[in-house]
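Chains E and G supply the protein sequences, listed in that same order.
Oh and the first sequence: position 198 is 197 in numbering that gives the first Met the number 0, straight run, nothing missing.
Oh and the second sequence: position 216 is 215 in numbering that gives the first Met the number 0, straight run, nothing missing.
Report on the following structure.
Protein chains: 2
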Amino acid sequence: MEKLEKYYHQIKNSPVFYGMKDDELQGLLECFNARIRNFEEGEMIIRQGDRITNIYLILEGAVNIEKDSYWGRRIIITQLSVNDNIALAFVASKNIESNIDAVAAQNTRVLVLSYEKCTSMCQNACTRHKVLINNLFDILSKENIELIQKIENVSQKTIRDKLLTYLSNEARKRKSNSFEIPFNRQDLADYLNIDRSAMSFELSKLQKEGLIKYNKNKFVLSARV
Amino acid sequence: MEKLEKYYHQIKNSPVFYGMKDDELQGLLECFNARIRNFEEGEMIIRQGDRITNIYLILEGAVNIEKDSYWGRRIIITQLSVNDNIALAFVASKNIESNIDAVAAQNTRVLVLSYEKCTSMCQNACTRHKVLINNLFDILSKENIELIQKIENVSQKTIRDKLLTYLSNEARKRKSNSFEIPFNRQDLADYLNIDRSAMSFELSKLQKEGLIKYNKNKFVLSARV
DNA sequence: TTAATAATGTTGTAAAAACAACAGAAATGT
DNA sequence: ACATTTCTGTTGTTTTTACAACATTATTAA
């Protein structure tokens, strides 16, 4: 339990527990059987078919939400990072199996809470549960909007349009024309559902045309985009 | 307010209000300024850029959630039907503008509730609000899972794989190999982000190969799919 | 019933993507 | 510093898709 102390401030200010008083949070962390788990890059945190009963809060690192298609191709649905929750939607619908994998994209530290344990104990009656569920509702709303955004990105017709849509959406999100993306080329291709080499080719083309500049994961969009 | 009576039973048993006592629901409908609105096929219920402050519950009909791509192509994100809520994610994130259109896919009857009005009045304190937010959390979770499902559908590489993935997901959802889909051919193409005529061609091919049978919107999957 | 309109299916052609194979650059480990 | 491995970019070929144009079948209206 001592290790929790180190992250207490971060936990308290995370969207899940935002607005909770210290004593409420302390009690909740105990009641939730809170513990910290570490995952190495590439390690599976959640597998397709799992039933999720825990709330996962990312304290350090990043996690890819993936799906292997029936024919073996990898689909990256989204990448989560610090302060995000993993597979929250499956916690509420507890009789629905996870249809996604969660894979550590780097070495990752996660706070794990037994949601089930708390709801059974406090019967939804305590104030901290009320704050929590409000927060969870907000978080899920934002996730929902993110997923719609992603659908827009991958629904473009050409590789070019997918790239431009993705990049300009990222720029808008960060309120800057200059930003880093969390993906390497292969991951970006798996996120946009396109071939890596074809994507590389189109990126160069966009750079030659002066629409974008990039170096590794750092992108700069020209005003024209 | 009399018109509400006609739908009272349906409203009471809808996922949003599920588990609410009669007096709670009655009070809530008043406090929410509940009213019924009708939309004709093709009419816009929500537009990109709107700020959503109402909860919309579909009582009759169906609604397409759409987005016009920058280049003018139509994307159907999902189709909602009776008992579904429209654009719920944007109600929670009230300072985020809608990035989607909601268009009546048929003549549609909708219950409209001012979410804002209630939250400001009851300060999240009344029991009915607690039941409501729990329900909303559940609904958003399911929507989330649906969106992930849709991402899987459109992330397949070929038209054939998109169709087979979509159809077998539908079959699983309805627990039957025989089912109707809510789309005509053009809408299905816009949902899967593919060309209608190419899709028609592939559908015939699948039928010739004996993998599927179809007539209009009614599909039957062979055991091999 | 017939004409008009809409929806769906079919085909050929041009465009785009996937794929494979490889070259060069960057990162990693020893 | 060197060898090894991983990542990224490039090119040519094959496959798939979009698009356009039209045929056929349903649906609607007169």
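Glycine residues also receive a C-beta, built at the ideal position from the N, C-alpha and C atoms.
So residue i is in the alpha helix (DSSP H); what residue range does that whole segment cover?
i	result
residue 55 of chain E	Taken as a continuous stretch (DSSP letters only), residue 55 of chain E belongs to no alpha helix (DSSP H), being part of the beta strand (DSSP E) at 53-59.
residue 13 of chain E	From DSSP, residue 13 of chain E is part of no alpha helix (DSSP H); its letter is neither H nor E.
residue 89 of chain E	87-91
residue 27 of chain E	21-30
Got a sec? Which residues, its chain only, sit under 7 Å from residue i by beta carbon, not counting five neighbours each side?
i	result
residue 2 of chain E	35
residue 73 of chain E	65, 67 and 189
residue 17 of chain E	134
residue 9 of chain G	58
residue 152 of chain E	161, 164, 165, 168 and 191
residue 145 of chain G	77
residue 82 of chain G	13, 14 and 57
residue 220 of chain E	166, 167, 170, 176 and 211
residue 209 of chain G	221
Keeping to the same chain, check which residues put their C-beta closer than 8 Å to that of residue i; ignore five residues upstream and five downstream.
i	result
residue 90 of chain E	51, 52, 53, 54 and 114
residue 15 of chain G	54, 56, 84, 131, 134, 135 and 138
residue 234 of chain E	It is not possible to answer for residue 234 of chain E, since the shown part of chain E is limited to 0 through 224.
residue 21 of chain G	11
residue 181 of chain E	61, 78, 80, 104 and 216
Between residue i and the rest of its own chain, which residues show a CB-CB distance below 6 Å, the 5 nearest in sequence each way excluded?
i	result
residue 46 of chain G	100
residue 40 of chain G	103, 105 and 106
residue 23 of chain E	127
residue 63 of chain E	75, 78, 102 and 104
residue 38 of chain E	44, 103 and 107
residue 27 of chain E	127
residue 179 of chain E	216 and 217
residue 42 of chain G	103
residue 159 of chain E	201
Give the range of the beta strand (DSSP E) segment to which residue i is assigned.
i	result
residue 179 of chain G	177-179
residue 219 of chain E	217-220
residue 79 of chain G	73-80
residue 211 of chain E	211-214
Residues bridged to residue i by DSSP?
i	result
residue 102 of chain E	E:43 and E:63
residue 114 of chain E	BP columns for residue 114 of chain E are empty, so no partner.
residue 37 of chain E	E:108
residue 84 of chain G	G:56
Any idea if residue i is buried or exposed, counting beta-carbon neighbours within 10 angstroms, 16 or more meaning buried?
i	result
residue 214 of chain G	exposed
residue 198 of chain E	buried
residue 127 of chain G	buried
residue 86 of chain G	buried
residue 161 of chain G	buried
residue 222 of chain E	exposed
residue 165 of chain E	buried
residue 201 of chain G	buried
residue 96 of chain G	exposed
residue 185 of chain G	exposed
residue 60 of chain E	buried
residue 149 of chain G	buried
residue 94 of chain E	exposed
residue 143 of chain E	buried
residue 203 of chain E	exposed
residue 175 of chain G	exposed
residue 19 of chain G	buried
residue 177 of chain G	exposed
residue 154 of chain G	buried
residue 196 of chain E	exposed
Legend entry - Runs of alpha helix (DSSP H) lying entirely within the stretch 146-195 of chain G, each at least 4 residues, in chain order: Those alpha helix (DSSP H) runs which fall completely within the stretch 146-195 of chain G and span 4+ residues are 158-173 and 184-191.
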